[in-house]
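Some notes on the structure that comes next.
Protein chains: 6
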Amino acid sequence: MPEVITLGETMVLMNPTEAGPLRYVDRFKKQIAGAETNVAIGINKLGHSTGWISRLGSDEFGQYVLSVIKGEGVDTSRVIMDVDTPTGVFFKERRILGLSQVYYYRRQSAASYMLPEDLDEEYIASARYLHLTGITPALSSSCLATVQQAIEIAHQNNVLVSFDPNIRFKLWDRRKAKEILLSLIREVDILLPGVKEADMLLGKMDEPEDYAQKFIEMGPEIVALKLGKTGSYIADKEKGRIVEGFSSTEVDAAGAGDAFAAGFLSGLLEGKDIFEAAMIANAAGAFAVTLPGDYEAFPTSQDLNAFLKGNSDIFR
Amino acid sequence: MPEVITLGETMVLMNPTEAGPLRYVDRFKKQIAGAETNVAIGINKLGHSTGWISRLGSDEFGQYVLSVIKGEGVDTSRVIMDVDTPTGVFFKERRILGLSQVYYYRRQSAASYMLPEDLDEEYIASARYLHLTGITPALSSSCLATVQQAIEIAHQNNVLVSFDPNIRFKLWDRRKAKEILLSLIREVDILLPGVKEADMLLGKMDEPEDYAQKFIEMGPEIVALKLGKTGSYIADKEKGRIVEGFSSTEVDAAGAGDAFAAGFLSGLLEGKDIFEAAMIANAAGAFAVTLPGDYEAFPTSQDLNAFLKGNSDIFR
Amino acid sequence: MPEVITLGETMVLMNPTEAGPLRYVDRFKKQIAGAETNVAIGINKLGHSTGWISRLGSDEFGQYVLSVIKGEGVDTSRVIMDVDTPTGVFFKERRILGLSQVYYYRRQSAASYMLPEDLDEEYIASARYLHLTGITPALSSSCLATVQQAIEIAHQNNVLVSFDPNIRFKLWDRRKAKEILLSLIREVDILLPGVKEADMLLGKMDEPEDYAQKFIEMGPEIVALKLGKTGSYIADKEKGRIVEGFSSTEVDAAGAGDAFAAGFLSGLLEGKDIFEAAMIANAAGAFAVTLPGDYEAFPTSQDLNAFLKGNSDIFR
Amino acid sequence: MPEVITLGETMVLMNPTEAGPLRYVDRFKKQIAGAETNVAIGINKLGHSTGWISRLGSDEFGQYVLSVIKGEGVDTSRVIMDVDTPTGVFFKERRILGLSQVYYYRRQSAASYMLPEDLDEEYIASARYLHLTGITPALSSSCLATVQQAIEIAHQNNVLVSFDPNIRFKLWDRRKAKEILLSLIREVDILLPGVKEADMLLGKMDEPEDYAQKFIEMGPEIVALKLGKTGSYIADKEKGRIVEGFSSTEVDAAGAGDAFAAGFLSGLLEGKDIFEAAMIANAAGAFAVTLPGDYEAFPTSQDLNAFLKGNSDIFR
Amino acid sequence: MPEVITLGETMVLMNPTEAGPLRYVDRFKKQIAGAETNVAIGINKLGHSTGWISRLGSDEFGQYVLSVIKGEGVDTSRVIMDVDTPTGVFFKERRILGLSQVYYYRRQSAASYMLPEDLDEEYIASARYLHLTGITPALSSSCLATVQQAIEIAHQNNVLVSFDPNIRFKLWDRRKAKEILLSLIREVDILLPGVKEADMLLGKMDEPEDYAQKFIEMGPEIVALKLGKTGSYIADKEKGRIVEGFSSTEVDAAGAGDAFAAGFLSGLLEGKDIFEAAMIANAAGAFAVTLPGDYEAFPTSQDLNAFLKGNSDIFR
Amino acid sequence: MPEVITLGETMVLMNPTEAGPLRYVDRFKKQIAGAETNVAIGINKLGHSTGWISRLGSDEFGQYVLSVIKGEGVDTSRVIMDVDTPTGVFFKERRILGLSQVYYYRRQSAASYMLPEDLDEEYIASARYLHLTGITPALSSSCLATVQQAIEIAHQNNVLVSFDPNIRFKLWDRRKAKEILLSLIREVDILLPGVKEADMLLGKMDEPEDYAQKFIEMGPEIVALKLGKTGSYIADKEKGRIVEGFSSTEVDAAGAGDAFAAGFLSGLLEGKDIFEAAMIANAAGAFAVTLPGDYEAFPTSQDLNAFLKGNSDIFR
């Protein structure tokens with residue numbers, strides 16, 4: 001049974017082969033993307049078993065998403081293929097100057113029909129961590145109920161819940177997002193927000209430790225606040241500090257947070273302390289941004305070791 | 001003001017660069033496709049002015065669709081760009097042995113919100129023909145109402161209505177489709193069904209003239225029944241016969257019926273009789289199937305003349 | 001546990017994106033190909049579980065081959081990833097007029113080091129069929145020993161052995177090939193040769209039944225002799241006849257025999273008689289030749305049913 | 001009628017899909033490029049109407065150029081399609097270290113046959129600005145006469161003339177270029193030179209204001225001297241100062257000056273003062289360099305506002 | 001020294017990666033094409049040495065053309081690289097139904113400035129055949145003079161002249177073309193016209209032998225009249241008959257005549273009689289049409305032997 | 001006869017069209033690469049004649065490699081095409097953070113069978129320089145013997161030997177590599193190591209001059225120690241100093257050392273002193289890293305002059 005189980009929607013990503021406004025881009029590459037499967041794949045590459053609970057359309061795109069995730073070694077035995085609803089699709093647009101966007105075609109997608117009944121308690125109970133994001137509750141009310149039920153099951157079975165807010169204002173309105181995300185955060189064990197997400201959820205604060213302390217007061221045992229290239233601020237009830245990031249050439253920032261989560265949970269699975277785990281998380285994030293796909297740049301454990309040892313390609 | 005006005009949804013077409021099940025196809029080319037704009041573009045290429053009434057999302061894909069259609073010379077002054085709804089998208093799948101498919105992402109698209117209020121009576125009144133298809137009424141009830149209103153306006157202003165059933169069972173159920181299409185057919189002047197559509201609407205009959213006569217009894221003045229490579233059976237209240245088709249190499253049949261409509265209406269605009277118009281329509285259809293896009297293979301008047309004269313490229 | 005188990009080498013296929021002599025082709029598409037995994041994937045698509053025993057380099061190409069096959073749903077739990085030897089690679093060349101070729105870079109590849117010790121008796125014993133080809137014994141003497149050992153295990157556990165000669169003169173010399181293939185054929189239950197392979201192995205005969213009878217005298221219970229577009233001649237000890245083929249547009253013949261094997265074994269797994277199984281096999285072969293990859297055109301059970309019922313894409 | 005009218009040649013641009021010497025580049029993307037239509041498209045994107053006067057071959061490339069420009073919303077009603085002369089074509093070469101080049105195939109192109117008679121006085125008279133460049137007079141003597149005639153018409157109708165020297169030594173010799181450009185500059189209202197062009201035309205001077213003052217003495221009311229990444233020096237008869245530029249990642253500098261012109265004229269059309277207009281112009285230039293095409297990266301008014309407000313893509 | 005020397009223009013071919021009107025084609029592949037170098041390359045592939053006399057621009061495209069031809073083994077020691085004139089470029093358009101076209105950008109190209117002084121008498125004198133086409137005299141008067149001078153040199157040195165009319169009405173007017181081609185035909189030893197060219201030059205006749213006899217009366221010793229898929233009619237002063245063609249799948253007919261010439265001259269160089277040589281020529285033509293480039297599908301001697309022996313790719 | 005002769009293996013390079021782990025890269029571009037032909041091509045571009053001694057498979061890839069090198073103007077008259085052994089192939093993988101790799105498929109390739117008997121003494125004797133690398137001796141013992149024999153011939157004929165260690169640990173073990181490379185270094189006249197290679201061969205030293213002096217004590221007259229972006233340390237028996245490098249944007253470092261060697265030898269051929277030659281070498285290296293292929297970015301003499309003069313593309 002998988003060490004880490006995730007739950008959420010994964011879509012076909014139509015990734016433009018060129019940068020620029022989509023009106024001018026004429027070729028797209030088919031890939032997949034989903035915050036939760038990014039994390040599952042990332043943990044797998046780092047040597048730990050993972051499983052994914054979801055729904056896909058039983059159309060060609062659903063088969064494609066399934067085969068990629070299965071091919072990456074993630075357990076897909078709990079994925080439901082639904083003949084009546086389509087697999088979600090989205091388009092990326094890579095522009096400069098903060099104008100990049102995504103265009104979703106996921107309304108009433110198969111995954112948006114996930115139900116609490118889809119959850120296999122025994123399956124979840126067998127894991128050490130359940131990883132969730134703030135995207136799923138934004139998809140539909142049955143998705144929200146599913147997330148809540150999954151947290152409930154985890155708690156009853158001593159499975160730790162990690163949570164990445166992953167705020168997406170294209171999916172729901174700000175007020176509702178904030179309210180629900182805060183209610184979920186109160187129920188999780190490990191919280192992995194970005195600093196701008198912390199701003200949005202808690203209001204602007206002065207220092208990373210202010211956000212972390214505030215979140216810890218709300219419930220989570222561990223908070224890993226992502227600070228971009230700076231690194232991350234990591235805290236639990238007793239201690240906290242910044243763990244420095246690694247520099248790399250950013251091609252596409254999407255997936256960096258998921259790589260961070262994968263690295264952090266992998267570290268914890270290996271018994272590392274929160275600061276060591278954060279260093280792995282930071283390194284995984286540095287890898288993640290170097291390619292245009294979501295998870296393709298994630299490191300294997302071998303890559304990570306070579307990177308942390310500063311190995312180079314001389315004389316190969 | 002345009003000689004022919006059309007009304008309907010045009011989507012971004014993600015066209016696979018290879019044949020085969022979409023799970024294996026990894027690159028897509030962005031194009032546009034819409035039965036009604038296909039007809040409008042086709043008539044334009046044959047030298048007559050056209051206009052298109054629709055709604056598009058005011059997103060990058062909407063801008064793209066608009067610029068392509070405008071670039072083809074179709075009047076788009078009545079197209080509404082809507083900030084709240086997305087432009088529809090669909091994927092083609094080219095397979096062998098009758099297994100080809102399309103995958104629509106058009107539910108709640110901008111065009112599905114078309115309203116009778118979108119129609120500018122003066123604009124429609126200025127045209128000689130209004131061309132409609134059976135796709136639009138399948139999109140939503142407001143779209144159906146818009147089509148009915150457009151027919152009403154046309155009748156009140158002596159604009160002839162041409163209609164292509166374009167049956168799409170992916171969009172509505174068979175019983176409802178049949179009922180509404182038959183009700184619309186009763187109101188139109190020129191009917192352009194395929195023979196299998198005639199089957200579906202009227203039940204299986206023995207001969208092309210049987211379908212044509214039956215349709216004419218229902219209302220239309222002219223029926224042009226498309227028979228595939230054989231050509232077409234053309235009839236009005238007084239006469240009818242098969243007009244032979246032209247052979248060409250089929251790469252993608254999509255758009256052939258639209259080219260036929262474009263050719264037929266162009267012929268009528270030029271004062272040709274229905275059999276001459278059908279010959280042009282058949283020739284346009286023979287061009288249309290030779291490329292994978294919907295309208296790119298449609299002939300210009302120059303192409304058509306060269307083709308009908310049997311001109312070849314020797315000594316160029 | 002899988003219903004059918006296969007054994008053999010799968011390589012990265014560098015597939016030219018254009019036809020023509022490779023000196024002029026400048027772009028290649030990375031795919032995978034292997035006769036045995038083609039069969040395993042084909043059976044999977046038709047609804048039955050399969051497993052694959054092999055060795056791959058633990059390099060990027062090995063990871064790729066593994067993920068594709070796993071993604072197709074084939075059990076890869078018995079595949080060994082070897083750090084010391086590379087994954088095999090080959091290039092296809094599509095030319096006209098019978099000049100097409102392949103260029104192998106598979107000498108001393110990971111798979112050529114397969115050993116009898118790699119075989120898990122319990123795993124093989126759990127299956128209903130073991131499928132082998134004449135390629136594996138050509139790779140190395142340890143591969144030949146592995147094939148012989150696998151047959152032995154199958155026999156001891158009442159697993160039926162099916163065998164496709166798949167003669168490759170690029171891999172071994174004619175005399176040795178003939179001698180070893182004939183020795184293996186004596187040990188198998190189901191033999192699936194092409195008619196030219198039968199020629200080469202038995203000498204030229206007059207009629208399909210002559211070859212079939214001769215082979216059956218040698219050992220196999222069932223012989224399915226592939227006759228190209230004509231179909232296949234199917235026989236067991238009591239009966240035999242030609243089962244007609246289906247016509248389709250051939251783009252790349254590679255994989256057709258593997259699709260045939262997949263269809264035939266699927267038919268048998270479903271309890272069909274040999275002639276019914278051959279009809280499925282013929283249909284699968286008709287699908288297989290329609291795309292440039294090896295297995296991408298193989299039908300799903302859904303495709304196969306639609307095809308056999310003559311379903312078309314009208315009104316989609 | 002358009003607010004801004006331009007006049008000049010637009011060609012098909014064969015844009016290499018890779019950097020490097022063209023002998024090694026094997027794929028090209030078809031686009032369009034023309035300094036004047038770049039400006040017209042740029043102004044259109046910023047919300048103002050534009051028109052373009054030119055000649056194109058009535059060949060496939062001419063149809064393509066026409067449809068792109070029409071699709072961008074530029075009025076092309078005064079473009080003449082000529083059956084006897086070809087549409088111009090050019091190839092870009094992207095190299096490092098200042099070695100980039102273009103290769104023109106535009107001698108005796110359709111546009112080089114533009115005549116003063118092509119000009120519709122009423123059309124030009126209806127505009128607020130006429131934008132011209134130093135490329136057109138270099139194409140042929142009839143093109144020079146056409147430019148002179150257009151200026152004459154503008155002056156007689158109180159249409160302000162803006163002028164970008166756009167020096168191209170591939171098109172004419174230095175001495176002749178200098179003489180004619182200086183004679184034209186004396187007749188224009190708004191001058192938009194680059195600083196190296198100012199050097200070439202006036203001789204090396206110490207400070208931006210020296211060039212500006214000298215030009216203003218020659219005739220123009222407004223001079224906007226482009227200083228690259230530094231920004232621009234803007235002056236009229238009474239005042240002058242540097243307006244700082246914006247930083248962005250340069251992929252292809254071609255089109256930056258045209259974006260500047262588009263931004264500057266848009267600002268003036270909106271009643272902004274010259275320094276505000278220059279800020280818009282600088283921002284438009286910062287967008288322009290970020291993609292390999294000429295105008296594809298130009299901002300819409302929406303983009304510009306988001307950029308100037310510092311909006312980012314967080315939480316989309 | 002080369003056995004066969006040719007003379008003429010070779011251009012960069014921008015070959016569309018898709019069929020269809022060029023207005024819609026968006027990617028082009030850079031290749032080279034020139035009737036005379038096609039022949040030179042073809043003869044080289046069949047095992048005989050060749051040389052090419054021409055002029056190229058000393059720009060990137062000229063370097064490219066030179067390197068491809070040199071890379072094919074053709075002697076280019078007499079090619080002049082000119083800094084003042086550009087290398088010619090042309091675009092192919094693949095359409096159906098006889099509407100395919102080429103678009104030349106070769107006016108005042110480097111090759112159009114070829115001069116009689118460019119010819120090295122000793123070089124030409126050393127060859128066994130001089131191959132010329134009717135394209136070169138159409139390029140400019142100096143090119144015509146160069147062709148006439150080359151023929152003169154050949155005659156004085158007992159070098160046989162072969163000539164392919166290659167009529168191109170895009171390059172000159174019909175009357176002038178006919179007059180000059182007929183004057184050249186009177187001076188050549190081997191004439192290789194297509195049957196439609198014979199029509200155009202001699203007027204319509206009943207039978208192939210009528211054309212051949214008429215040409216032989218005019219001067220040539222050998223006439224090889226190309227009849228398309230039928231094959232060719234071959235005659236000298238004493239005998240004549242049809243040599244049957246080979247069937248193959250036509251993708252692009254361009255280059256077929258050049259392959260024919262290459263095969264025919266190769267046959268003669270090997271001492272074969274005219275009918276044997278024509279069989280080789282027909283086979284080379286059958287290869288040539290199977291790929292979109294001009295010469296890439298031409299056979300090597302190895303290919304040709306395999307083809308004529310009917311070798312297939314079974315068991316590779 | 002060539003001024004510089006080289007000896008070694010050149011392979012087909014399958015170059016990924018995207019960065020990232022090869023498991024995810026799906027398209028490859030066919031190019032060629034070989035350290036020695038890189039040098040030969042580079043010297044040719046700088047205006048000096050070169051020749052290459054090697055073996056290639058007489059397969060399509062061998063023909064391709066041969067035609068590219070021949071097309072670049074390198075004399076290939078001594079290259080042996082072998083029907084029994086394949087042309088080597090390798091794949092590049094462009095990753096970030098020092099994780100880039102190559103994957104060789106060159107074991108038992110044609111070139112690995114090079115023999116001392118392949119060497120034509122007269123050919124080598126006619127050159128001014130013989131350039132060798134440390135790759136060839138790693139390929140096989142017969143390759144090592146060939147290199148030793150070539151040095152012997154050079155010495156006997158007063159041809160200077162230049163040598164680039166080009167250490168490749170994928171090809172041999174460290175101890176053997178060090179031993180053989182040091183033994184070869186003792187026999188050469190010009191040594192061109194990278195500073196990390198010097199480390200590996202001599203042990204870590206403090207300053208560039210320490211390495212240079214030590215090497216000069218071993219035998220070579222001239223040592224050019226490559227220091228990356230810093231430039232190079234150049235020394236002979238009497239003098240030595242750092243020659244500063246040029247900055248450029250690195251896309252792919254492969255080939256930089258070969259460009260350096262080409263520039264250095266070109267400088268010496270032109271009678272420049274070692275520091276002037278090193279400046280050319282440094283400049284060539286700065287060009288080389290700017291494109292993904294090995295030699296495509298190498299400068300021509302024209303490029304080099306423009307670069308050294310600081311020419312820019314203004315006003316082209």
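Order-wise, the sequence lines are chains A, B, C, D, E and F. Residue numbers for the first sequence follow full-length UniProt numbering, beginning at 1 and rising by one. Residue numbers for the second sequence follow full-length UniProt numbering, beginning at 1 and rising by one. Residue numbers for the third sequence follow full-length UniProt numbering, beginning at 1 and rising by one. Residue numbers for the fourth sequence follow full-length UniProt numbering, beginning at 1 and rising by one. Residue numbers for the fifth sequence follow full-length UniProt numbering, beginning at 1 and rising by one. Residue numbers for the sixth sequence follow full-length UniProt numbering, beginning at 1 and rising by one. C-beta: ideal position from N, C-alpha, C; glycine also.
Alpha-carbon spacing of residue i relative to residue j, whole angstroms
| i | j | result |
| --- | --- | --- |
| B:Ser162 | B:Glu36 | 11 Å |
| D:Ser141 | F:Leu291 | 42 Å |
| B:Phe91 | B:Pro16 | 8 Å |
| F:Ile69 | D:Arg23 | 14 Å |
| B:Ser312 | E:Gly98 | Unreliable positioning characterises B:Ser312 in this predicted model, as indicated by a pLDDT of 45, which lies under 50. A coordinate reading is not provided. |
Proximity to residue i [Cα-Cα], best of the options
| i | options | result |
| --- | --- | --- |
| A:Glu93 | A:Val25, A:Glu209, A:Ser141 | A:Val25 |
| F:Asn166 | F:Asn158, F:Leu184, F:Ile153 | F:Leu184 |
| A:Val74 | A:Gly57, A:Arg55, A:Asn38 | A:Asn38 |
| F:Lys29 | F:Val89, F:Gln63, F:Asp206 | F:Val89 |
Within-7 Å CB hit, residue i to chain E
| i | result |
| --- | --- |
| B:Ser247 | no |
| F:Gly47 | no |
Chain A within 7 Å of residue i, Cβ atoms only
| i | result |
| --- | --- |
| B:Phe90 | no |
| C:Pro299 | no |
Could you please tell me which residues of the stretch 282-293 of chain B, in chain order, have their CB closer than 9 Å to any CB of chain E? When CB distances to chain E are screened at a threshold of 9 Å, the residues of the stretch 282-293 of chain B falling below it are Ala286, Phe287, Thr290, Leu291, Pro292, Gly293, in chain order.
Contact set between the stretch 121-142 of chain E and chain D, restricted to residues whose Cβ is under 9 Å from the partner: Hits within the stretch: zero.
To be precise: take each residue of the stretch 7-21 of chain F, compare its Cβ to all Cβ atoms of chain A, and keep it if any distance is under 9 Å. Which residues remain? Those would be Glu18, Ala19, Gly20, Pro21, in chain order.
Give me the subset of the stretch 232-247 of chain D whose CB atoms are less than 9 Å from a CB atom of chain F, sorted by chain position. In summary, no residue of the stretch 232-247 of chain D has a CB separated from any CB of chain F by less than 9 Å.
Output, in sequence order along the chain, the residues in the stretch 23-39 of chain D whose CB is closer than 7 Å to any CB in chain F. Tyr24
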